[in-house]
Amino acid sequence: MQLCNKAVNKRIVTKAHKPLAHLQPQLNKISIVRSDLAAIGAVLLWASLASLAIALGEIPPLLMTGIALLFGSLISVFLVRGNFRKLVPEAKTLLLGVYGLFGYHVALFAGLQNAPAVQANLVNYLWPLLIVVLAPLFFHQLRLGLKHVLSAIIGFSGAAIAILSGAGFSRAFEIGYVYALIAAVIWATYSLGSKRIGSFPTAQVGSFALVAGLLALLGHFFLEAPVEISSTQWLWLILMGIGPLGGSFYLWDYALKHGNPQRVGLIAFFTPLCSTTFALLVTGQDLTWPLLMAALLIFGAALVGARGR
1 MQLCNKAVNK
11 RIVTKAHKPL
21 AHLQPQLNKI
31 SIVRSDLAAI
41 GAVLLWASLA
51 SLAIALGEIP
61 PLLMTGIALL
71 FGSLISVFLV
81 RGNFRKLVPE
91 AKTLLLGVYG
101 LFGYHVALFA
111 GLQNAPAVQA
121 NLVNYLWPLL
131 IVVLAPLFFH
141 QLRLGLKHVL
151 SAIIGFSGAA
161 IAILSGAGFS
171 RAFEIGYVYA
181 LIAAVIWATY
191 SLGSKRIGSF
201 PTAQVGSFAL
211 VAGLLALLGH
221 FFLEAPVEIS
231 STQWLWLILM
241 GIGPLGGSFY
251 LWDYALKHGN
261 PQRVGLIAFF
271 TPLCSTTFAL
281 LVTGQDLTWP
291 LLMAALLIFG
301 AALVGARGR
């Protein structure tokens with residue numbers, strides 16, 4: 001009798017699992033599609049950051065950073081569903097996160113306000129290349145190869161073309177390009193530092209944003225002149241906070257955890273091109289051949305460098 005029951009149970013289990021096995025390829029395809037959509041969403045949100053900053057050009061960099069990051073930090077509160085312990089990072093992780101979010105966005109916004117915005121934005125997008133070039137400083141087992149050197153030459157050539165195409169290279173614009181390059185260095189070193197520290201819950205990005213936002217507002221009160229923010233500007237600031245400074249992090253995290261990292265990484269390489277396109281639309285600037293060449297060189301440099309790792 002027990003043998004009969006076991007046989008019956010085995011048949012039931014087998015029949016129950018057959019449909020699941022049959023559906024597995026479809027489920028995998030759905031997961032890949034969702035991952036791709038999440039990655040594309042993150043890229044589009046990141047690509048909108050420079051355009052939003054250009055639209056908010058009258059808002060000082062520290063004030064813009066502070067308000068946007070505070071709005072961005074609110075997303076984490078909803079995601080942890082009352083388990084606020086998930087928001088508490090280790091001290092070194094918090095310091096790294098504040099360095100990345102505070103330093104990068106202040107430098108980027110200052111760069112966009114003190115140089116031709118489209119060109120400064122392209123200089124900022126040297127950060128994927130800098131991740132490749134600076135990686136040996138963080139991970140001693142890595143070495144710079146010929147492809148890395150070649151990608152560096154290509155990328156910085158693109159940045160030089162972008163700068164020289166920006167209404168002439170004059171001293172009035174130099175400081176903006178310096179800020180943009182500083183932003184690229186900060187984001188590259190933040191990314192490498194995060195990799196070295198190890199994984200941490202994505203929700204903790206909200207803690208980084210909160211502390212960095214408060215620090216930026218404190219800096220604004222001491223270092224920048226007060227300004228009046230219009231209702232339209234408040235709307236752009238909210239969109240910046242919940243978009244490129246908020247929702248993008250969670251979309252990116254979902255894409256990496258549920259998709260092919262190489263496939264997701266390839267999608268990310270289109271961020272500079274999308275960002276440049278958006279910036280051209282916002283500023284009304286024409287797409288010139290030097291500008292197109294600069295964008296393609298910076299895009300190609302990151303791609304060559306990544307393949308050489």
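For the sequence shown, the positions run 1 to 309 when the numbering used here is used. C-beta atoms are modelled at their ideal positions from N, C-alpha and C, and glycine is treated no differently.
With contacts defined by Cβ atoms closer than 9 Å, residue 106 and residue 219 form a contacting pair. In the displayed model, residue 115 falls within coil according to three-state DSSP, outside both helix and strand. Excluding the 5 residues flanking it on each side, residue 276 has same chain C-beta neighbours closer than 7 Å at 118, 121, 122 and 295, in chain order. Per the C-alpha coordinates, the member of 145, 205 and 176 positioned closest to residue 73 is 205. Residue 42 and residue 150 have their C-alpha atoms roughly 29 Å apart. Counting of Cβ neighbours within 10 angstroms places residue 113 among the buried residues, the total reaching 16 or more. Our two residues, residue 269 and residue 291, have alpha carbons roughly 17 Å apart in a direct line. Where residue 253 is concerned, the enclosing alpha helix (DSSP H) starts and stops at 248-258. Per DSSP, residue 87 is not a residue of any alpha helix (DSSP H), being assigned neither H nor E. 52 is the residue among 35, 45 and 52 whose C-alpha sits nearest the C-alpha of residue 234.
Judged by DSSP in its simplified three-state form, residue 211 adopts helix.
A distance of 9 Å or more separates the beta carbons of residue 102 and residue 238. Distances from the CA of residue 210 to each of 50, 39, 95 and 36 were compared; the closest alpha carbon is that of 95. With fewer than 16 neighbouring CB atoms inside 10 Å of its own CB, residue 153 falls in the exposed class.
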